[in-house]
Structure formats: C-alpha cells, structure tokens
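J.: First the structure, which I've put down as structure tokens, then a few questions once you've had a look.
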Amino acid sequence: MSNGFDDIPFFDEEEPAPRKPAQAPATSTAASGPAPGGLGIAARAMAARDQTRAPDYLSGLNPEQRDAVETVDGPLLVLAGAGTGKTRVLTTRIAHILATGRAFPSQLLAVTFTNKAAREMKERIGLLVGGAVEGMPWLGTFHSIGVKILRRHAELVGLRSDFTILDTDDVVRLIKQLIQAEGIDDKRWPAKQFAQMIDGWKNKGLDPSQIPEGDARAFANGKGRELYAAYQNRLKTLNACDFGDLLLHPIRMFRANPDVLKEYHQKFKYILVDEYQDTNTAQYMWLRLLAQRPPGVPQNVCCVGDDDQSIYGWRGAEVDNILRFEKDFPGAKVIKLERNYRSTEHILGAAGHLIAHNEGRLGKTLFTDRVNPDDEKVVVHAAWDSEEEARAVGEEIERLQRGDSDGKKHALNDMAILVRASFQMREFEDRFVTLGLNYRVIGGPRFYERLEVRDAMAYFRLVCQPADDLAFERIVNTPKRGLGDTTIRTLHDYARARDVPMLAAAADLIETDEIKPKARKALFDVIQHFRRWSELLETTPHIELAEQILEESGYTDMWKNDKSAEAPGRLENLKELIRSMEAFESLRGFLEHVSLVMDAEQNADMDAVSIMTLHSAKGLEFDTVFLPGWEEGLFPHQRALDEGGRSGLEEERRLAYVGITRAKRRCHIWFVSNRRIHGLWQSTMPSRFLDELPVTHVEVAESEQSYGGYGRGGYGQSRFDKADPFANNYSTPGWKRAQANKSDATRDNWGTRSGHAVERIGYGESGPKAKTIDGELVAKSTTSEPSKFTVGDRVFHIKFGNGNIASIEGNKLTINFDRAGEKRVLDGFVERV
DNA sequence: AAGCCTTAGTTTTTT
DNA sequence: ACTAAGGCTT
Numbered sequence: 001m002s003n004g005f006d007d008i009p010f011f012d013e014e015e016p017a018p019r020k021p022a023q024a025p026a027t028s029t030a031a032s033g034p035a036p037g038g039l040g041i042a043a044r045a046m047a048a049r050d051q052t053r054a055p056d057y058l059s060g061l062n063p064e065q066r067d068a069v070e071t072v073d074g075p076l077l078v079l080a081g082a083g084t085g086k087t088r089v090l091t092t093r094i095a096h097i098l099a100t101g102r103a104f105p106s107q108l109l110a111v112t113f114t115n116k117a118a119r120e121m122k123e124r125i126g127l128l129v130g131g132a133v134e135g136m137p138w139l140g141t142f143h144s145i146g147v148k149i150l151r152r153h154a155e156l157v158g159l160r161s162d163f164t165i166l167d168t169d170d171v172v173r174l175i176k177q178l179i180q181a182e183g184i185d186d187k188r189w190p191a192k193q194f195a196q197m198i199d200g201w202k203n204k205g206l207d208p209s210q211i212p213e214g215d216a217r218a219f220a221n222g223k224g225r226e227l228y229a230a231y232q233n234r235l236k237t238l239n240a241c242d243f244g245d246l247l248l249h250p251i252r253m254f255r256a257n258p259d260v261l262k263e264y265h266q267k268f269k270y271i272l273v274d275e276y277q278d279t280n281t282a283q284y285m286w287l288r289l290l291a292q293r294p295p296g297v298p299q300n301v302c303c304v305g306d307d308d309q310s311i312y313g314w315r316g317a318e319v320d321n322i323l324r325f326e327k328d329f330p331g332a333k334v335i336k337l338e339r340n341y342r343s344t345e346h347i348l349g350a351a352g353h354l355i356a357h358n359e360g361r362l363g364k365t366l367f368t369d370r371v372n373p374d375d376e377k378v379v380v381h382a383a384w385d386s387e388e389e390a391r392a393v394g395e396e397i398e399r400l401q402r403g404d405s406d407g408k409k410h411a412l413n414d415m416a417i418l419v420r421a422s423f424q425m426r427e428f429e430d431r432f433v434t435l436g437l438n439y440r441v442i443g444g445p446r447f448y449e450r451l452e453v454r455d456a457m458a459y460f461r462l463v464c465q466p467a468d469d470l471a472f473e474r475i476v477n478t479p480k481r482g483l484g485d486t487t488i489r490t491l492h493d494y495a496r497a498r499d500v501p502m503l504a505a506a507a508d509l510i511e512t513d514e515i516k517p518k519a520r521k522a523l524f525d526v527i528q529h530f531r532r533w534s535e536l537l538e539t540t541p542h543i544e545l546a547e548q549i550l551e552e553s554g555y556t557d558m559w560k561n562d563k564s565a566e567a568p569g570r571l572e573n574l575k576e577l578i579r580s581m582e583a584f585e586s587l588r589g590f591l592e593h594v595s596l597v598m599d600a601e602q603n604a605d606m607d608a609v610s611i612m613t614l615h616s617a618k619g620l621e622f623d624t625v626f627l628p629g630w631e632e633g634l635f636p637h638q639r640a641l642d643e644g645g646r647s648g649l650e651e652e653r654r655l656a657y658v659g660i661t662r663a664k665r666r667c668h669i670w671f672v673s674n675r676r677i678h679g680l681w682q683s684t685m686p687s688r689f690l691d692e693l694p695v696t697h698v699e700v701a702e703s704e705q706s707y708g709g710y711g712r713g714g715y716g717q718s719r720f721d722k723a724d725p726f727a728n729n730y731s732t733p734g735w736k737r738a739q740a741n742k743s744d745a746t747r748d749n750w751g752t753r754s755g756h757a758v759e760r761i762g763y764g765e766s767g768p769k770a771k772t773i774d775g776e777l778v779a780k781s782t783t784s785e786p787s788k789f790t791v792g793d794r795v796f797h798i799k800f801g802n803g804n805i806a807s808i809e810g811n812k813l814t815i816n817f818d819r820a821g822e823k824r825v826l827d828g829f830v831e832r833v
C-alpha cells in the first residue's frame with residue numbers, strides 16, 4: 001500500500017483518528033470462515049461502546065459529521081466537499097453501525113471505486129474498531145463485489161463459476177479476431193475503437209438489443225449491433241467476462257431471479273457508497289436493485305460524494321446520479337460537509353470562487369476558521385515557455401527544500417506537480433534529472449500491463465484454465481518456437497469448428513499430418529509442458545511452480561538472450577512478479593487478485609516530489625501544489641470543449657477545483673506563452689480559469705527571470721489593481737502573435753475562445769527586449785508578416801525533397817512533393833529552389 | 001523471422 | 001516532432 005500518500009494524515013493539526021478504546025479486548029477473536037463470520041469485529045465494536053456517554057469515536061466530529069454518522073436509517077446523501085473529512089465520516093459511520101449492534105459486519109455492503117480506497121477504508125475501520133477487518137466481506141470495489149456475487153450464481157447467466165476475467169488488452173485482441181472473421185477491414189474499423197464503444201454501452205447498462213440504432217450503425221457499416229452480440233457470444237464460449245460484465249451479469253441475474261435478489265436484500269442491512277459522483281448508469285442500476293426495499297421498509301443507503309469533484313464524465317460517470325439522489329430515494333436526508341480541515345482560507349477562497357462559475361451544481365462553500373495572517377495567497381506565475389516553467393518550478397522547489405522563504409525546510413514528499421496531460425510531465429522530469437531532484441511519477445503504465453508480466457501471466461492462466469484461448473494465442477509462439485501464422489490459423493479453425501479450446505485442438509492436431517513436422521514437434525513440446533504443469537498445480541507450491549514454468553518454457557531465457565536495453569528491467573519485473581505471489585495461497589488466487597487489482601505498490605521510502613495528472617491526484621493532499629500549464633487549449637483542454645461543450649468546460653473547471661483543493665498551504669499556478677504541441681510551437685493564451693480566480697486570494701508573481709515583458713517598468717503593485725489582472729500578459733509577444741493568428745487560419749486550435757474581453761495595454765513594444773529564442777520562435781511561427789512564399793513556388797525540403805506549394809496558411813505550407821505526396825510543413829523547413 | 005518503412009495518433013483512467 | 005505499431009520486404 002505505500003505509494004507515499006497513505007500515511008499523510010487526513011486531518012492537519014487535528015487529533016488523530018480515535019485509537020482503540022481502552023476497554024476493547026486485546027486479543028482478536030475474528031472469525032476464520034466467511035459468513036456468518038466477523039463476530040470478532042462486532043464484539044470488539046460493541047465492547048468499545050460506552051453506554052453512559054457518547055462513544056469515543058464520535059467525540060472528534062463536528063455537528064454535521066456527527067449527524068452523518070448517526071443518521072443510520074433511511075436514505076442519506078452526504079455532500080462532502082474536498083478536505084471535509086469524508087473518509088472519516090464513512091468509516092466512523094460503519095463503526096457506529098457495528099458498535100450499536102445494528103448489523104453484523106457481514107451485513108454491510110460498502111462500495112468504493114478503487115482498490116486503494118477500499119484498502120484505506122479497511123485500514124481506518126480497523127483503527128476505529130481495533131484490529132483487522134477480516135469480518136467485512138462486502139467492503140470492496142464495485143467490480144470485486146460484482147465478481148463475488150457472480151461466482152456464486154454464474155450458472156444463472158450461462159457461465160461456469162471459474163470464469164476468467166479479461167482485461168482491456170484481451171478484449172481488444174478478441175474483438176479484432178471477430179472483426180476479421182466478419183470480413184470487415186480492421187484498419188478502417190479499429191478493434192480498439194469498438195472496444196471503447198462496447199465499454200460505453202456497458203457503462204450505460206445496454207445489451208446488444210438495447211443499443212441506440214444510431215450507435216449500431218456508426219460502426220462497420222451498420223454491423224455494430226451484430227458485432228456486439230457476436231462478442232458476447234464469444235465471451236460465453238470462452239467462459240469469460242469483461243469488466244463491464246462484472247456489473248451487468250449480476251444486474252441481469254437479479255432481474256431474472258427475484259428470489260436471489262431477495263436473499264441479498266435480506267443480507268445487506270446497510271449500504272454505503274463512496275465517491276457517488278463517479279457512478280455510471282450500470283453501477284447506479286446495480287445499486288438500485290440492491291437498495292430497493294418494500295414500501296415502508298427504510299432504504300438504508302448512504303451515498304457520499306462531491307458533485308464538484310466529478311471528473312470522470314468522459315468515461316461514463318453520471319453526475320446526475322448525485323444531483324437527483326433525493327428523487328430516486330424519497331425521503332432522503334442530505335447533509336453537506338463544508339468545514340474544511342485541509343487548506344488555508346486563500347486556497348479555499350480561490351477554489352470556491354472558481355467553481356462558482358459552474359452552473360450544474362448543488363452548491364457548497366468550503367470554509368475554515370483557522371485563519372493565519374501568514375497564510376500565503378495562491379500565486380500565479382507566467383513563463384515564456386514550458387522549459388522555463390519547469391526551470392522555475394524546480395527553483396521554487398529547491399527554495400522550499402532549503403527553507404529560504406520561511407526558515408522551514410520542506411520535505412519533497414509534501415510537494416506535488418499536478419498536470420492536465422501526461423506529456424507535460426516530461427519537461428519536469430528532464431529538469432529534475434538535471435537538478436538531481438528526487439521525483440516520483442504517479443500513474444502511467446502499470447506493472448501488470450507490462451508486456452513481460454502479461455506474457456508470464458498468460459502462461460499461468462493457461463495452466464489454471466486450459467480453455468483460455470487468449471492466453472494460449474498470446475504465448476504459444478513466445479518465445480519463438482517456429483509456430484507461425486499458418487499453424488495458429490489451422491489450430492484456430494479446428495478449435496472453432498468443433499467448439500473446443502485451442503490447447504485441446506492442438507492436442508488433436510498433432511496426431512494428424514495437417515501440421516508440418518517441424519511445427520508439430522514444437523506444438524507437441526508445448527502441450528507436454530502444459531500437461532505437466534497442470535498436474536503439478538495441485539502438488540507443487542505455487543511460487544515454485546511459477547518459476548518452473550517460466551524457466552522450462554524458455555521465457556526467462558528469451559529475455560536473458562535479448563540484448564536490448566530493456567531486457568534486464570524485464571527480467572527484474574518477472575522476479576518482482578514472482579515475489580508478489582508470496583502473499584497468495586495459490587496460483588488461482590493470485591490470478592484473481594491481479595485481474596481485479598491492477599495497481600502495484602510504489603516505494604514510499606524516498607523523499608521525492610510527486611508528479612501526476614490532476615485526475616490521479618483526486619483524494620490526495622500536499623502542503624505545496626504546483627499547477628502548470630494553465631493555458632487555453634491545454635487547460636481547459638480543447639478536446640474537452642469540442643466534444644463536451646459547456647458541460648465539458650464545467651468538468652475541466654472541476655478539475656481545476658480538484659487541483660487547487662489538493663493544496664494545504666501553498667498553491668502555485670503557472671502558464672506559459674509558448675508551448676510545443678504535436679511538435680509545433682504554438683502561442684498560447686492564459687487559461688480563462690485564471691480570470692475566474694478572486695483578486696483577494698491570489699497574487700501574481702513578479703517576473704522571476706528571462707521572460708521580460710512582465711512586471712517590470714514600475715509595476716510594483718498587484719496586477720489585480722487593474723481592471724484585468726492579466727492584461728500585462730496580453731502584451732507579451734505570445735499574446736500578440738495569438739492576436740495576429742486570430743485573423744488567420746492557423747488559429748484553428750486556439751482561436752475559438754469566447755466571452756473573454758480583455759483590454760490590451762500597449763506595453764510590449766517599449767518593454768524589455770525578449771531573449772534570442774524569442775526571435776527564433778517568432779520567425780518560425782509568427783504570421784503577422786506575410787509569408788515569404790507564394791502558392792505555386794517550387795521548394796526543397798530536407799526530408800521530402802522537391803515540391804510545389806499548394807496552399808499557405810500562415811506559416812504552414814501545404815506542399816505537393818514529387819515523391820512524398822502532399823504534406824503540411826512549416827515554412828522554416830523549406831527553401832525556394 | 002528480423003528489420004525497415006510507412007502511417008496514424010498525440011486528454012484524462014479504473015476495474 | 002515524436003513515437004509506436006503494423007505491414008511489408010528481404
């Protein structure tokens with residue numbers, strides 16, 4: 001569990017979460033079996049209760065929190081703003097339900113989105129109640145609980161209970177096969193895209209028969225519905241599920257089997273949902289099925305969320321679920337948590353003013369009364385380009401580390417850089433490597449998604465589940481065994497014709513002469529190996545077996561013989577994979593875990609600055625937060641605006657809100673005038689979100705360096721004394737260029753900004769001379785001067801050779817090259833011949 | 001089966 | 001501009 005954040009206390013300067021009560025039994029009596037288990041916890045919790053006064057665990061709560069904990073009967077929506085003690089309320093509420101004897105641990109259903117959140121909740125309940133929480137079998141993610149339900153009733157939806165869970169990669173490969181089998185051009189209709197469509201439908205809870213006609217037509221000349229149905233059939237044959245099915249199958253099963261649903265109704269006395277604003281339609285349907293009760297019986301559902309932190313609309317989350325909670329659950333009580341324990345008044349003020357620009361919200365205002373005159377305002381900085389941005393952030397970090405500003409030395413662990421898009425990270429990494437500053441990147445490619453780990457897992461899967469064709473196809477020729485396309489196709493056809501797994505097909509076919517002798521020998525060896533491994537499965541310790549599989553299959557040797565730079569790292573990852581199996585009892589148990597828990601631990605020992613996207617920062621907090629890249633087009637992101645319209649913009653704004661509210665003490669926002677996007681230098685405009693920050697809580701940093709045109713020439717006072725605090729930035733070369741571009745076709749990405757009137761102050765002309773790089777950049781991307789080329793000119797390009805200019809858009813030329821065909825290039829890269 | 005060349009994509013991410 | 005992946009050639 002340690003990625004460095006788990007030990008950061010949720011409350012700053014508050015008393016820690018209540019400790020194990022003195023009268024709690026010292027020894028654990030946790031039940032060993034599953035249901036009806038968990039009496040150990042209940043007993044401890046009951047013992048912890050003090051009949052004469054309010055129990056200890058309630059004492060540290062504010063009135064609203066306490067209300068949310070004690071309102072146990074009937075539907076309850078807790079609107080918990082950032083840093084208001086959400087997790088504390090949830091965990092205390094659970095402890096309270098247990099302590100008052102209202103339910104056994106096994107009668108609580110508590111759902112989270114991520115494994116991390118589930119883990120954290122378990123730990124914290126353990127702290128409250130004392131001891132581990134083995135007795136809460138129904139605390140987990142939507143998906144892990146879905147699997148649990150589904151394994152019990154798999155046969156009701158046409159699966160066997162040992163079904164496999166496919167991840168995205170498997171799904172895409174499977175769909176690709178289906179597309180090809182239909183004779184559809186898989187270049188024109190990419191499997192990946194269709195996988196995303198299916199995912200979208202499943203998020204909405206739609207079967208093939210239910211998808212909108214338009215959607216069905218949109219793919220592969222109207223074959224969308226057919227393909228989706230074919231995909232579901234194929235999954236059934238494979239005895240497999242995708243992630244969406246882990247929710248949809250239980251929904252189907254409950255609808256078709258009211259008696260089963262009733263069992264669960266009786267079982268779950270209290271239901272809790274975390275991060276309710278992130279639920280999608282399918283999750284919502286699932287929840288409603290489980291939460292519904294006959295008239296007169298209270299629906300004990302408690303959903304906790306924050307509409308202002310809903311940032312996953314693009315993957316199917318429906319903020320509406322939280323906005324209409326009261327309609328869905330009549331008689332619901334709504335409690336708002338607005339007292340913030342995390343941030344300074346300036347940070348809260350800035351965030352609150354920004355988010356107030358959103359229309360579709362329930363409306364909360366965070367406040368704190370711990371006001372300190374030394375609290376720093378949110379600082380907005382300008383930089384010339386992203387390189388300077390990274391340099392300046394690096395300097396600020398070193399300053400804090402040394403303790404220059406306030407005499408306190410700040411740990412790198414307390415600082416984070418939160419970016420909108422991951423490509424922004426690189427510049428910071430480069431800079432920090434140069435500076436020798438420790439950093440850690442959160443998110444990004446994950447351990448279990450690495451090629452070598454997935455290969456190894458495919459071997460294990462096939463040993464446990466010989467019918468796993470996807471695993472078979474993945475590794476049958478890895479390492480190379482001379483089993484090429486032809487052989488695989490033969491196997492595939494045979495298997496499909498007889499409806500048997502490919503491994504079985506292979507066993508059949510090596511008896512015949514349909515396969516060339518060489519391939520037959522190779523296949524024979526593979527089959528022998530798997531037979532033996534399967535036999536060892538029951539007798540050999542799983543770690544030993546896993547090592548043996550990787551050795552005997554030649555997989556480790558393959559990487560040992562590989563001379564590429566990555567090979568050693570891959571071998572190291574394989575060792576790590578084996579090591580991580582130690583925590584499990586069997587190979588099967590391990591596989592199940594991995595399919596549901598895709599995250600791996602990070603080392604938290606080192607003191608390091610965290611770099612991550614705004615999305616992965618949700619739920620975390622840091623003393624100092626740096627928010628670079630506040631420019632139109634990047635943040636708010638152009639695509640969010642194009643595809644999401646106004647609601648897209650509002651989601652971006654929520655993202656900005658999430659970013660600011662991660663900060664406890666210091667928040668530094670940056671924007672640059674020039675950024676390279678897709679390899680081209682673009683002039684950028686400051687983000688509209690900057691204009692939405694309140695003057696009283698924000699200051700604009702004086703220009704720290706090279707980037708001249710800002711803050712010099714007698715501007716000592718706050719930029720906010722002016723009508724437009726950022727006016728000066730609009731006099732920079734970047735801004736002028738943006739203006740010039742406005743009347744030009746090159747504005748395509750950037751010129752669509754509206755409703756943002758600014759007064760320009762003619763300052764740049766007489767201002768300090770810009771750096772040399774300025775001249776270069778202007779030369780490359782300015783459009784204020786007419787192009788030195790005209791349509792029809794014959795030009796030479798170093799890569800594409802000779803050609804004629806077909807059209808000119810600012811500094812971008814469209815050229816018909818004699819050999820390379822039509823290309824768009826910058827005018828700086830060609831010369832007249 | 002390895003290596004080269006062309007082509008497409010380049011916001012955010014969980015399970 | 002860069003990268004990664006897929007297709008094609010040798």
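In this note's numbering, the protein residues as written are 1 to 833. Built from N, CA and C at the ideal position, the CB exists for glycine as well. Quantities reported herein were computed from a predicted structural model and do not represent experimental measurements.
Below 8 Å, how does it come out for the region 611–621 and the region 417–426: are there three or more Cβ pairs, yes or no?
T.: The region 611–621 makes contact with the region 417–426; the number of CB pairs closer than 8 Å reaches 3 or more.
J.: Starting from N674, follow the beta strand (DSSP E) in both directions and report where the run begins and ends.
T.: As a first step, residue 674 is located in the first sequence; it is residue number 674 there, counting from the start. Start and end: 663–677.
J.: Quick check on the DSSP output: the beta strand (DSSP E) that includes H381 runs from which residue to which?
T.: Sequence index remark: in the first sequence, residue 381 carries index 381 (1-based). Residues 378–385.
J.: Under the three-state reduction of DSSP, which class applies to F622: helix, strand or coil?
T.: Indexing the first sequence from 1 puts residue 622 at position 622. Correct three-state label for F622: strand.
J.: Counting pairs of beta carbons, one from the region 295–314 and one from the region 75–92, are three or more of them closer than 8 Å?
T.: Verdict: yes, contact present.
J.: W681 lies in the alpha helix (DSSP H); which residues open and close that run?
T.: Taking the first sequence and counting its residues from 1, one reaches residue 681 at position 681. Looking at the DSSP string, W681 is not in any alpha helix (DSSP H); the run it does join, the beta strand (DSSP E), is 680–683.
J.: Considering only their Cβ atoms, is the gap separating V700 from A350 smaller than 8 Å?
T.: Counted from its first residue, the first sequence places residue 350 at position 350. Counted from its first residue, the first sequence places residue 700 at position 700. Against a cut-off of 8 Å, the Cβ pair of V700 and A350 comes out as no contact.
J.: When burial is assigned at 16 or more other CB atoms within 10 Å of the CB, is M606 buried or exposed?
T.: Taking the first residue of the first sequence as position 1, residue 606 is located at position 606. M606 is classed as exposed because its beta carbon has fewer than 16 other beta carbons within 10 Å across all chains shown.
J.: Look up F142 in the DSSP assignment and give the residues it is bridged to.
T.: For this step, residue 142 is matched to residue 142 along the first sequence. DSSP output for F142 lists no bridge partner at all.
J.: Looking only at DSSP bridge pairs, what is C241 linked to?
T.: Here residue 241 is taken as the residue at index 241 of the first sequence, counted from 1. C241 pairs with I165.
J.: Taking A154 and V172 to be in contact with their CB atoms under 8 Å, please state how far apart those CB atoms are, rounded to whole angstroms.
T.: Sequence index remark: in the first sequence, residue 154 carries index 154 (1-based). Sequence index remark: in the first sequence, residue 172 carries index 172 (1-based). So it is not a contact: roughly 24 Å between Cβ atoms.
J.: To the nearest angstrom, how far is the alpha carbon of A35 from that of I165?
T.: Numbered from its first residue, the first sequence carries residue 35 at position 35. Numbered from its first residue, the first sequence carries residue 165 at position 165. Residue placement at A35 is poorly supported in this model, since its pLDDT is 34, which falls under 50; the coordinates are not used for a value here.
J.: Helix or strand or just coil, what does DSSP make of Y840?
T.: The structure shown has nothing for residue 840, since the chain only spans 1 to 833.
J.: With distances taken from CA atoms, which of Y276, P298, C241, L246 is nearest H265?
T.: Locating residue 265 in the first sequence gives position 265, where the first residue counts as 1. Considering only alpha carbons, the answer is P298.
J.: At what residues does the beta strand (DSSP E) containing G305 begin and finish?
T.: Counting from one through the first sequence, the residue named residue 305 turns up at place 305. Run containing G305: 301–305, per the beta strand (DSSP E) assignment.
J.: Could you tell me which of G74, R88, G83 sits nearest to R66, measuring between CA atoms?
T.: The residue given as residue 66 occupies position 66 in the first sequence. Taking only the C-alpha atoms, the option nearest R66 is R88.
J.: Curious, which full-length alpha helix (DSSP H) runs of at least 4 residues does the region 496–551 contain?
T.: 502–509, 517–539
J.: Extract the residue ranges of the alpha helix (DSSP H) inside the region 418–446, only unbroken runs of 4 or more that lie entirely within it.
T.: 423–435
J.: By the DSSP assignment, the alpha helix (DSSP H) with E576 in it spans what residues?
T.: For the purposes of this step, residue 576 is identified with residue 576 of the first sequence, where counting begins at 1. Note, E576: alpha helix (DSSP H), 567–580.
J.: Once DSSP output is grouped into helix, strand and coil, what is the label at I660?
T.: As a working mapping, residue 660 is identified with position 660 in the first sequence. Correct three-state label for I660: helix.
J.: Determine the direct distance from the alpha carbon of C667 to that of A656, and round the result to whole angstroms.
T.: As a working note, residue 656 is residue 656 in the first sequence. As a working note, residue 667 is residue 667 in the first sequence. Each residue's Cα considered, the two are about 12 Å apart.
J.: When DSSP labels each residue in this structure, what does V698 get in the three-state scheme?
T.: Residue mapping note: residue 698 aligns to position 698 of the first sequence, counting from 1. DSSP places V698 in strand when its eight states are reduced to three.
J.: Among D414, R481, H353, which has the Cα closest to the Cα of Y555?
T.: The sequence position of residue 555 within the first sequence is 555, counting from 1. Cα-wise, what sits closest to Y555 is R481.
J.: Note the first and the last residue of the continuous beta strand (DSSP E) segment covering L79.
T.: For the purposes of this step, residue 79 is identified with residue 79 of the first sequence, where counting begins at 1. L79 -> beta strand (DSSP E) spans 76–80.
J.: Find the nearest neighbour of L98 within the set V111, A118, V69, judged by alpha-carbon distance.
T.: Here residue 98 corresponds to residue number 98 of the first sequence, with the count starting at 1. Checking every option, the nearest Cα to that of L98 belongs to V69.
J.: For T344, is the classification buried or exposed, using 16 other Cβ atoms within 10 angstroms of its Cβ as the cut-off for buried?
T.: As a first step, residue 344 is located in the first sequence; it is residue number 344 there, counting from the start. By the neighbour-count definition (other C-beta atoms within 10 Å, threshold 16), T344 is a buried residue.
J.: Between the alpha carbons of E702 and V672, how many angstroms are there, rounded?
T.: For the purposes of this step, residue 702 is taken as residue 702 along the first sequence, with counting starting at 1. For the purposes of this step, residue 672 is taken as residue 672 along the first sequence, with counting starting at 1. Near 14 Å, if we compare the C-alpha coordinates of V672 and E702.
J.: If we ignore side chains and look at the alpha-carbon of each, how far apart do L227 and K236 end up?
T.: Counting from 1 along the first sequence, the entry for residue 227 is found at position 227. Counting from 1 along the first sequence, the entry for residue 236 is found at position 236. Cα to Cα, L227 sits roughly 14 Å from K236.
J.: Nearest-angstrom Cα distance between D724 and G659?
T.: Translated into the one-based positions of the first sequence, residue 724 becomes position 724. Translated into the one-based positions of the first sequence, residue 659 becomes position 659. In this predicted model, D724 has a pLDDT of only 40, less than 50, meaning its place in the structure is not dependable; the value taken from the coordinates is given anyway. If I take the Cα positions, the gap works out to 24 Å.
J.: Going straight from the alpha carbon of G146 to that of N674, what length do you get?
T.: Against the first sequence, residue 146 aligns to sequence position 146. Against the first sequence, residue 674 aligns to sequence position 674. Taking the straight line joining both Cα atoms gives about 48 Å.
J.: Alpha helix (DSSP H) containing M121: first to last residue?
T.: In the first sequence, counting from the first residue as 1, residue 121 sits at position 121. Residues 115–129.
J.: Just mark A256 as buried or exposed, buried being the case when its beta carbon has 16 or more other beta carbons within 10 Å.
T.: Position 256 of the first sequence holds residue 256. Burial call: exposed.
J.: Where L574 and D169 are concerned, what is the direct C-alpha to C-alpha distance, given to the nearest angstrom?
T.: For the purposes of this step, residue 574 is identified with residue 574 of the first sequence, where counting begins at 1. For the purposes of this step, residue 169 is identified with residue 169 of the first sequence, where counting begins at 1. Their Cα atoms are separated by approximately 19 Å.
J.: What residue range is occupied by the uninterrupted alpha helix (DSSP H) comprising M285?
T.: Numbered from 1 along the first sequence, position 285 holds the residue referred to as residue 285. Its alpha helix (DSSP H) spans residues 281–291.
J.: Measuring straight from C-alpha to C-alpha, what distance separates P250 and L287?
T.: Walking along the first sequence from the start, residue 250 turns up at place 250. Walking along the first sequence from the start, residue 287 turns up at place 287. Their Cα atoms are separated by approximately 11 Å.
J.: If you draw a straight line from the alpha carbon of T84 to that of F367, how long is it in whole angstroms?
T.: As a first step, residue 84 is located in the first sequence; it is residue number 84 there, counting from the start. As a first step, residue 367 is located in the first sequence; it is residue number 367 there, counting from the start. In a straight line, the C-alpha of T84 is about 9 Å away from that of F367.
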